[in-house]
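Visitor:
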Amino acid sequence: MKLLVVGSGGREHTIIKKLKENPAVETIYALPGNGGIAADAVCVPEIGAKDIPAIVEFAQAHAVDFAVVAPDDPLALGCVDRLHEVGIPCFGPDAKAARIEASKVFSKNLMKKYGIPTAAYEVFNDPAKAMAYLETADFPIVIKADGLALGKGVLIPQNLEEGKAAVKSIMEDKAFGDSGNEIVIEEFLTGPEVSVLAFTDGTAIRPMVSSMDHKRAGDGDTGLNTGGMGTVAPNPYYTAEIAQECMDTIFLPTLAAMRAEGCPFKGCLYFGLMLTPKGPKVIEYNCRFGDPETQVVLPLLKTDLLTVMQAVENETLADLEVEWSDGAAACVILASGGYPGSYEKGKIMTFPESTAANVTIIHAGSKISGDNLVTNGGRVLGITATAPTLKEALADAYAAAATVDFEGKYMRSDIGQRALRAMEEV
Ligand code: AMP
Ligand code: GLY
Numbered sequence: 010m011k012l013l014v015v016g017s018g019g020r021e022h023t024i025i026k027k028l029k030e031n032p033a034v035e036t037i038y039a040l041p042g043n044g045g046i047a048a049d050a051v052c053v054p055e056i057g058a059k060d061i062p063a064i065v066e067f068a069q070a071h072a073v074d075f076a077v078v079a080p081d082d083p084l085a086l087g088c089v090d091r092l093h094e095v096g097i098p099c100f101g102p103d104a105k106a107a108r109i110e111a112s113k114v115f116s117k118n119l120m121k122k123y124g125i126p127t128a129a130y131e132v133f134n135d136p137a138k139a140m141a142y143l144e145t146a147d148f149p150i151v152i153k154a155d156g157l158a159l160g161k162g163v164l165i166p167q168n169l170e171e172g173k174a175a176v177k178s179i180m181e182d183k184a185f186g187d188s189g190n191e192i193v194i195e196e197f198l199t200g201p202e203v204s205v206l207a208f209t210d211g212t213a214i215r216p217m218v219s220s221m222d223h224k225r226a227g228d229g230d231t232g233l234n235t236g237g238m239g240t241v242a243p244n245p246y247y248t249a250e251i252a253q254e255c256m257d258t259i260f261l262p263t264l265a266a267m268r269a270e271g272c273p274f275k276g277c278l279y280f281g282l283m284l285t286p287k288g289p290k291v292i293e294y295n296c297r298f299g300d301p302e303t304q305v306v307l308p309l310l311k312t313d314l315l316t317v318m319q320a321v322e323n324e325t326l327a328d329l330e331v332e333w334s335d336g337a338a339a340c341v342i343l344a345s346g347g348y349p350g351s352y353e354k355g356k357i358m359t360f361p362e363s364t365a366a367n368v369t370i371i372h373a374g375s376k377i378s379g380d381n382l383v384t385n386g387g388r389v390l391g392i393t394a395t396a397p398t399l400k401e402a403l404a405d406a407y408a409a410a411a412t413v414d415f416e417g418k419y420m421r422s423d424i425g426q427r428a429l430r431a432m433e434e435v
């Protein structure tokens with residue numbers, strides 16, 4: 010079989026490595042892929058993940074049997090719709106279903122209409138009205154741009170002054186472009202955060218192992234928000250009891266709501282949850298695999314990934330048992346010095362001759378330059394380890410992370426520490 014994966018990050022590298030485990034897979038094309046992915050797939054750097062006509066043309070010309078569209082942008086732009094039109098089976102939601110991530114207003118209104126627990130909120134398209142609302146609101150409060158903003162469209166002002174500045178920056182100065190034409194202002198919730206990714210064919214659902222992201226740049230969850238500096242799985246806060254509650258009050262009602270709205274969701278639905286004192290609530294939905302959650306979740310998948318993805322596409326997921334390892338996984342991100350602010354690219358990377366069997370080096374932002382692999386992004390590599398316990402997985406991931414080098418290499422030193430502390434408390 011010939012497969013095609015759209016995207017170029019650590020998430021896509023992890024998906025590709027997992028798909029390769031199926032012996033029926035002959036070739037995987039990565040559009041565009043990256044320097045490290047080139048060791049596992051045929052990269053096509055000239056076709057970007059948002060160039061839908063070129064992706065469709067490539068898929069047809071190369072007689073691709075199955076396509077996986079991983080990032081949010083091509084999903085929201087209808088990449089799956091266009092591939093389906095030319096008869097190519099795909100994994101991923103169509104554009105209508107991708108609105109669950111692409112429009113916060115859509116997802117918040119969906120949750121309100123169908124009684125799915127989430128933060129109380131108001132929607133504004135007029136900055137003056139948003140400012141007036143803030144005059145009477147409690148702080149901290151949460152302000153979200155409606156559209157996709159590379160995970161950066163959420164601001165949490167601590168007082169009225171910061172709140173007004175946030176509205177001005179999103180709605181008037183267009184810090185996130187047209188994504189900020191409408192905003193959601195919502196209640197600030199507290200509690201541990203859990204990421205749950207789930208395979209769904211619109212009706213049946215198979216949640217994956219839960220995970221915990223580390224979004225802030227600095228140790229102790231300080232500093233700026235990033236795309237994610239590391240992940241662990243499973244998330245110790247997500248007990249079997251909470252998982253059942255989420256299934257009954259959030260997961261199944263969300264799928265039913267999407268069907269009722271005429272846009273059944275097929276693909277990987279990401280539930281960003283907060284375990285509040287009043288029960289689990291949805292912080293956000295993503296219409297795709299999380300990055301770097303995928304790096305710790307997929308290594309624990311025992312069932313063949315392509316088989317699961319085909320069952321999603323064929324709407325036969327109810328007939329498939331999806332199995333997971335009992336162990337744990339950890340991923341430590343190696344970033345370019347300065348990230349998430351400005352940073353330099355093109356630093357030569359050096360790798361150990363070999364790594365332990367339970368360790369995988371995942372490339373998020375790398376490129377081939379002559380005989381070298383060089384840095385080509387803020388998040389450069391993800392060092393993932395699986396082990397029977399989280400403690401061992403973290404030790405192995407950090408040991409391997411120390412053996413990889415490039416100028417300016419930066420990582421957090423406390424990935425997984427909060428999870429380890431939580432396990433002692435439980
Ligand atoms: P997002 O970019 O949507 O993933 O949001 C970034 C982060 O903002 C989340 O991971 C939460 O930590 C935080 N956040 C979003 N919404 C809320 C909320 N209603 N209450 C508290 N924190 C929130
Ligand atoms: N790690 C969070 C995300 O993928 O949006």
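Positions in the sequence shown are counted from 1; adding 9 to them yields the numbering used here. Virtual Cβ for every residue (Gly too), placed ideally from N, Cα, C.
On the three-pair Cβ rule with 8 Å, is the segment 110-123 touching the segment 262-277?
Guide: yes
Visitor: Cβ-heavy atom distance between K311 and the ligand AMP below 7 Å?
Guide: no
Visitor: With C-beta atoms as the reference, is N295 less than 8 Å away from G281?
Guide: yes
Visitor: Where does R297 fall in DSSP's three states?
Guide: Looking at R297 - three-state DSSP - the assignment turns out to be coil, as it is neither helix nor strand.
Visitor: Among E196, K311 and I424, which one has its Cα closest to the Cα of P301?
Guide: Looking only at E196, K311 and I424, the smallest Cα-Cα distance to P301 is reached by I424.
Visitor: Short of 6 Å in beta carbon distance, which residues of its chain neighbour D90, apart from the five on each side in sequence? Order them along the chain.
Guide: Once the five neighbours on either side are set aside, the close Cβ partners of D90 are D103 and A104.
Visitor: With DSSP as the reference, label Y142 as helix, strand or coil.
Guide: helix
Visitor: What three-state label does DSSP hand A344 in the structure shown?
Guide: Three-state DSSP puts A344 in a strand.
Visitor: If we ignore side chains and look at the alpha-carbon of each, how far apart do T248 and V218 end up?
Guide: 11 Å
Visitor: Whole-angstrom Cβ separation of A129 and E195, contact assumed at under 8 Å?
Guide: 7 Å
Visitor: In the DSSP output, which residue or residues are listed as bridge partners for S188?
Guide: According to DSSP, which records beta bridges pairwise, S188 is partnered with nothing at all.
Visitor: Quick check: does the Cβ of N385 come within less than 7 Å of any heavy atom belonging to the ligand GLY?
Guide: no
Visitor: Span of the alpha helix (DSSP H) holding E66?
Guide: I61 to A70
Visitor: Can you list, in chain order, the stretches of the beta strand (DSSP E) that have 3 or more residues and sit fully within the segment 261-324?
Guide: 276-285 and 288-295
Visitor: Could you tell me the boundaries of the alpha helix (DSSP H) in which Q131 lies?
Guide: Rather than Gln, the amino acid found at residue 131 in this sequence is Glu. It is not in any alpha helix (DSSP H) - E131 instead sits in the beta strand (DSSP E) that spans Y130 to F133.
Visitor: Let me confirm a value: E362 is counted as buried when at least 16 other C-beta atoms fall within 10 Å, else exposed. Which label applies?
Guide: Under this definition E362 is an exposed residue.
Visitor: For the ligand AMP, is there a heavy atom less than 7 Å away from the beta-carbon of F280?
Guide: no
Visitor: At the level of alpha carbons, what is the spacing between R297 and V331?
Guide: Approximately 18 Å between the Cα atoms of the pair.
Visitor: Compare the Cα-Cα distances from S378 to each of N43, E21 and L309 and report the closest residue.
Guide: N43
Visitor: Using the DSSP secondary-structure output, state which residues sit across from M221 in a beta bridge.
Guide: V241
Visitor: Where do the N-terminal and C-terminal ends of the beta strand (DSSP E) with T36 fall, by residue?
Guide: T36 to P41
Visitor: Nearest-angstrom Cα distance between D414 and L264?
Guide: 44 Å
Visitor: Just to confirm my understanding: we take S112, look at its own chain, exclude 5 residues before and 5 after, and list those with CB closer than 6 Å. What are they?
Guide: D155
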